[in-house]
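Asker: Before we start, here is the structure in question, set down as structure tokens.
Number of protein chains: 2
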Amino acid sequence: MSMLVIGSLAFDDIETDHGKVADAPGGSALYFALAASLYAPVGILGALGDDFPAEELAFLRDRGIDIDHLEITPGGKTFRWGGCYETDMNKRTTTKLEQNVFQYFSPRLDDDLARSQYVFLGNIDPDLQLDVLDQLEGPKFIGADTIECYIADKPNRIRDVLARIDIMFLNDDEARLITGQHSIISAARDILRLGPRYAVVKKGEHGSILAMEDGLFVVPAYPIHPVIDPTGAGDSFAGAAFGYLVKESDCSPSILKRAVVHGGIAASFTVEDFGLTRLKQITAGDIEERLEFFRAVTLF
Amino acid sequence: MSMLVIGSLAFDDIETDHGKVADAPGGSALYFALAASLYAPVGILGALGDDFPAEELAFLRDRGIDIDHLEITPGGKTFRWGGCYETDMNKRTTTKLEQNVFQYFSPRLDDDLARSQYVFLGNIDPDLQLDVLDQLEGPKFIGADTIECYIADKPNRIRDVLARIDIMFLNDDEARLITGQHSIISAARDILRLGPRYAVVKKGEHGSILAMEDGLFVVPAYPIHPVIDPTGAGDSFAGAAFGYLVKESDCSPSILKRAVVHGGIAASFTVEDFGLTRLKQITAGDIEERLEFFRAVTLF
Chain S
0 MSMLVIGSLA FDDIETDHGK VADAPGGSAL YFALAASLYA PVGILGALGD DFPAEELAFL
60 RDRGIDIDHL EITPGGKTFR WGGCYETDMN KRTTTKLEQN VFQYFSPRLD DDLARSQYVF
120 LGNIDPDLQL DVLDQLEGPK FIGADTIECY IADKPNRIRD VLARIDIMFL NDDEARLITG
180 QHSIISAARD ILRLGPRYAV VKKGEHGSIL AMEDGLFVVP AYPIHPVIDP TGAGDSFAGA
240 AFGYLVKESD CSPSILKRAV VHGGIAASFT VEDFGLTRLK QITAGDIEER LEFFRAVTLF
Chain U
0 MSMLVIGSLA FDDIETDHGK VADAPGGSAL YFALAASLYA PVGILGALGD DFPAEELAFL
60 RDRGIDIDHL EITPGGKTFR WGGCYETDMN KRTTTKLEQN VFQYFSPRLD DDLARSQYVF
120 LGNIDPDLQL DVLDQLEGPK FIGADTIECY IADKPNRIRD VLARIDIMFL NDDEARLITG
180 QHSIISAARD ILRLGPRYAV VKKGEHGSIL AMEDGLFVVP AYPIHPVIDP TGAGDSFAGA
240 AFGYLVKESD CSPSILKRAV VHGGIAASFT VEDFGLTRLK QITAGDIEER LEFFRAVTLF
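Residue numbers (numbering that gives the first Met the number 0), protein chains in the order written: chain S, 0 to 299; chain U, 0 to 299.
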């Protein structure tokens, strides 16, 4: 397997100003994999109960996503998450959190998975992320994501992860929390000092910043209005960025810049409807079309 | 006079996390004029007491700024403003507001000023902005700015202004307040429906959006850290943008895009120190140098 994502699969209840959905398939690994699969083959390692719809799994397989390594617990229940977003969608309240089979998830990589070249550690417990890192054999490029509760509860383990990866994806609040820096640029640069070659700080509707050893790259968000549901935007951002790197087979700064642009484009589709709806509909051609428009609205 | 700004001149007390200053010369017209003067000649119409330092006026004159139309009231006191910024510099508390001579300011344009081609209506009362518009004879391009208190107190007069100008400069909160739209993109487009050909929505550290009849232009902010004092960033943004238009003698969409980039660069200097300090130091060459860097960090 060339590209692997380890993360959550879930049923999501989501409420925004634009409506709500219940029991929508989601989770960091699914958003990542659907976006990445537009570029290159990707495998998922994660945990499911046997309540996850067969047609969802069939859809993933049809998209060329390797789901053979999913751990499906007979009689188990899939992770459930619920969130309610305010009008300012940077603010949300968690309305449901049922770990179910996810609380026993301990990723085991067989020989095939252990030799994955591009590996993305979705927002799982940093102890699990470190456990995966220990199992990898000669990876080429490793990325990770995290969430605020892990930064607050296990700051030293997050630092251990940062010391061993190539790229970290964070949102602005997470970057501030890890570094104690209010300025996003200062925070992104401080992240680099903790280990990775690259740090991407995502600012939602305000775009993102890529910090590199030899400089910065700043990019606005693709202009979308209205945003219907921001769930999974960050995971699909990372998925498209990783997919682009795998497709180009190159992790140099100039390719990373374009990868971040692709990430923003993928996220712009994700937020246009609830859950995975848009990510399931779009093709590589849709990404290209939006990329052309993005060049037009940013070139001066 | 080819380019004219009508607005406030003031003594500012400013406090941020990085320190404070008292009695610093400022006001929308000064920030605008200093930035604009890096590109083309500019005149100021505004009101002063006789307490304004002669060396400040001499400095403006040395920079080629026409200050002959300033109304200086013998024995009068100059407008005084004080502001205290939070760590999140989008939030500030007004700590002082003494209108002084500014409350009697009623701009009178002589024949020379009335024939100005490029006119910027700084954030003065919309009734005064309309009064200026009535006095102009065949202007080529008119821009305006405003502040929240006028939008709240005189929404219909703001709409009267919008119906008669070419470009409106707003920050994100102001754009939301005028249009009732939460989305910045929707708000910017709604502003266009009220009259102007162009609307610039400034998002501080997150860059800006230029809405045009035939499309959008989105641009990130020039990466500055730390921001020492955001006072006057918006006015110097407008000043540089206007200056660039005058220099190019062109108000087409492609020139407007570059004007907005120049605006962001000028603002990036302004925020690097308190008050007018940096704007007084920089040259057109400094702008060009930062423009080159900006191209490098945004090109993909």
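From the three backbone atoms N, C-alpha and C, an ideal C-beta is built for every residue, glycine too.
Taking all protein chains shown into account, decide if residue 229 (chain S) is buried (16 or more other Cβ within 10 angstroms of its Cβ) or exposed.
Answerer: Answer is buried; the Cβ neighbour count reaches 16.
Asker: Which term fits residue 297 (chain U), buried or exposed, when burial requires 16 or more other beta carbons within 10 angstroms of its beta carbon?
Answerer: With 16 or more Cβ atoms within 10 Å of its Cβ, residue 297 (chain U) is classed as buried.
Asker: Taking the runs of the alpha helix (DSSP H) that are 4 residues or longer, which of them lie wholly in the segment 132 to 182 of chain U?
Answerer: Correct list: 147 to 152, 154 to 161, 171 to 178.
Asker: Is residue 173 (chain S) buried or exposed, if buried means 16 or more other CB atoms sit within 10 Å of its CB?
Answerer: Label assigned to residue 173 (chain S): buried.
Asker: Figure out for me which residue from U:292, U:261, U:4 has the closest Cα to the Cα of residue 310 (chain U).
Answerer: Nothing about residue 310 (chain U) can be reported from this structure: the residues present for chain U run from 0 to 299 only.
Asker: My guess is that residue 45 (chain S) and residue 65 (chain S) are in contact by the Cβ rule of under 8 Å, so how many angstroms apart are they, rounded?
Answerer: Incorrect: roughly 12 Å between the Cβ atoms, too far for contact.
Asker: Can you list, in chain order, the stretches of the alpha helix (DSSP H) that have 4 or more residues and sit fully within the segment 177 to 251 of chain S?
Answerer: Listed in chain order, they are 183 to 192, 232 to 247.
Asker: Just to make sure I have the definition right: I need the residues of chain S whose C-beta is within less than 7 Å of the C-beta of residue 202 (chain U). Which are they?
Answerer: Correct list: 205.
Asker: Is it the case that the segment 254 to 262 of chain U contacts the segment 180 to 191 of chain S, given that we only count it when at least three CB pairs across the two stretches are under 8 Å?
Answerer: Segments in contact, no.
Asker: Which residues in the same chain as residue 76 (chain U) place their Cβ atom closer than 7 Å to its Cβ, once the five residues preceding and following it in sequence are excluded?
Answerer: Closer than 7 Å at Cβ, skipping near neighbours: 48, 50, 99, 100.
Asker: Tell me which same chain residues have a C-beta within less than 8 Å of the C-beta of residue 278 (chain S), skipping the five on either side of it?
Answerer: Answer for residue 278 (chain S): 30, 33, 34, 231, 235, 265, 268, 269, listed in chain order.
Asker: From residue 105 (chain U) to residue 208 (chain U), what distance separates their C-alpha atoms?
Answerer: Approximately 32 Å, taken between the alpha carbons.
Asker: In the DSSP output, what is residue 24 (chain U) paired with across the bridge?
Answerer: Answer is U:10.
Asker: For a cutoff of 7 Å on Cβ pairs, would you count residue 191 (chain U) as touching chain S?
Answerer: No, residue 191 (chain U) does not count as interfacial toward chain S.
Asker: Please identify, using Cβ separations under 7 Å, the residues of the segment 233 to 266 of chain U that lie next to chain S, in order along the chain.
Answerer: Taking 7 Å as the Cβ-Cβ cut-off against chain S, the residues of the segment 233 to 266 of chain U that qualify are 256, 257, 260.
Asker: Please list the terminal residues of the continuous alpha helix (DSSP H) segment that includes residue 292 (chain U).
Answerer: Counting along the chain, the alpha helix (DSSP H) containing residue 292 (chain U) begins and ends at 283 to 297.
Asker: Is it right to say residue 17 (chain U) is buried, meaning 16 or more other beta carbons lie within 10 angstroms of its own, or is it exposed?
Answerer: By the neighbour-count rule (16 or more Cβ atoms within 10 Å), residue 17 (chain U) is not buried but exposed.
Asker: Under DSSP, the alpha helix (DSSP H) around residue 58 (chain U) begins and ends at which residues?
Answerer: Where residue 58 (chain U) is concerned, the enclosing alpha helix (DSSP H) stretches over 53 to 61.
Asker: Just to confirm the assignment, what range does the beta strand (DSSP E) spanning residue 46 (chain U) have?
Answerer: 46 to 48 is the span of the beta strand (DSSP E), which, as asked, contains residue 46 (chain U).
Asker: Is residue 178 (chain U) buried or exposed, if buried means 16 or more other CB atoms sit within 10 Å of its CB?
Answerer: Residue 178 (chain U) comes out buried.
Asker: Going by C-alpha distance, which of U:140, U:290, U:122, U:256 is nearest residue 150 (chain U)?
Answerer: Out of U:140, U:290, U:122, U:256, U:122 has the C-alpha closest to the C-alpha of residue 150 (chain U).
Asker: For the beta strand (DSSP E) containing residue 95 (chain U), list its first residue and its last residue.
Answerer: 91 to 97 is the span of the beta strand (DSSP E), which, as asked, contains residue 95 (chain U).
Asker: Would a C-beta distance cut-off of 7 Å place residue 160 (chain U) and residue 2 (chain U) closer than the cut-off?
Answerer: Contact flag unset, no.
Asker: Residues in the segment 162 to 177 of chain U with C-beta within 8 Å of chain S's C-beta atoms, listed in sequence order?
Answerer: Residues passing the 8 Å Cβ filter: none.
Asker: Let me confirm a value: residue 170 (chain U) is counted as buried when at least 16 other C-beta atoms fall within 10 Å, else exposed. Which label applies?
Answerer: So residue 170 (chain U) counts as buried.
Asker: For residue 302 (chain U) and residue 132 (chain S), I'd like the C-alpha separation in whole angstroms.
Answerer: Because chain U is modelled from 0 through 299, residue 302 (chain U) falls outside the range shown and cannot be assessed.
Asker: Would you please state the rounded distance, in angstroms, between the beta carbons of residue 6 (chain U) and residue 36 (chain U)? I believe it to be under 8 Å.
Answerer: Their Cβ separation, rounded to whole angstroms, is 14 Å, which puts residue 6 (chain U) and residue 36 (chain U) out of contact at 8 Å.
Asker: Contact defined as beta carbons within less than 8 Å: I believe residue 192 (chain U) pairs with residue 212 (chain U). What is the distance between those atoms, to the nearest angstrom?
Answerer: Wrong, their Cβ atoms sit about 10 Å apart, outside the cutoff.
Asker: If you measure from the beta carbon of residue 312 (chain U) to each beta carbon in chain S, is any gap under 7 Å?
Answerer: There is no way to answer for residue 312 (chain U), as the model of chain U reaches only from 0 to 299.
Asker: Please confirm if residue 296 (chain U) has its CB atom under 7 Å from at least one CB of chain S.
Answerer: Cβ-Cβ to chain S under 7 Å: yes for residue 296 (chain U).
Asker: Under the three-state reduction of DSSP, which class applies to residue 5 (chain U): helix, strand or coil?
Answerer: Strand, per DSSP.
Asker: Determine the contact status of residue 153 (chain S) and residue 116 (chain S), defining contact as a CB-CB distance below 7 Å.
Answerer: Not closer than 7 Å, so no.
Asker: For a contact defined as C-beta to C-beta under 8 Å, what are the partners of residue 216 (chain U) on chain S?
Answerer: The contacting residues are 296, 297, 299.
Asker: I'd like to confirm the pairing. Which residues does DSSP put opposite residue 117 (chain S) in its beta bridges?
Answerer: Its beta-bridge partners are S:2, S:140.
Asker: Starting from the Cα of residue 226 (chain S), find the closest Cα among S:59, S:128, S:87, S:25 and give me that residue.
Answerer: The shortest Cα separation from residue 226 (chain S) among S:59, S:128, S:87, S:25 belongs to S:87.
Asker: What residues in its chain sit with their C-beta under 7 Å from that of residue 223 (chain U), if we drop five residues either side in the sequence?
Answerer: 267, 270, 271, listed in sequence order.
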